[in-house]
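Quick note on numbering: the sequence shown equals residues 0 to 95 in numbering that gives the first Met the number 0. Beta carbons are placed, not taken as given, at the ideal position from N, Cα and C, and that holds for glycine.
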Amino acid sequence: MVTRARDRGEIPVFVAYYIPNRGCTDFKQGAPDTAAYDACLRDLVDALGAVSSVIVLEPDAATADCYNAGRGKLLTRAVLPGYGCRGVCRWRASVS
């Protein structure tokens, strides 16, 4: 995927959707624990290396009903330089 995007002059986009307890239910979805989650993201970043790419990090994790300090810490550790948007982003309309 990365090679094909590079050959086309495109930037690959990935969505990380693996945070522990991602569904906020008793069913354990996502990574089994924080160490596995950190390792998964580290592996993704290592695999991309110097490739310009976009990683959408846990698109609905910050607004989930089960948000807590532990989840916030996981997301904070995972953020690299870039743009973060919590919840529904409202872009300003362009001015004519």
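query: Could you tell me the alpha carbon to alpha carbon distance between ARG7 and VAL1, rounded to whole angstroms?; result: 10 Å
query: How would you label ILE18, buried or exposed, when you count the other beta carbons within 10 angstroms and need 16 or more for buried?; result: buried
query: Is there at least one Cβ from chain D nearer than 7 Å to ALA60's Cβ?; result: Absent here is chain D; the protein component of the structure consists of one chain.
query: Counting C-beta neighbours from all protein chains within 10 Å, is the total for ASN67 16 or more, i.e. buried, or is it exposed?; result: exposed
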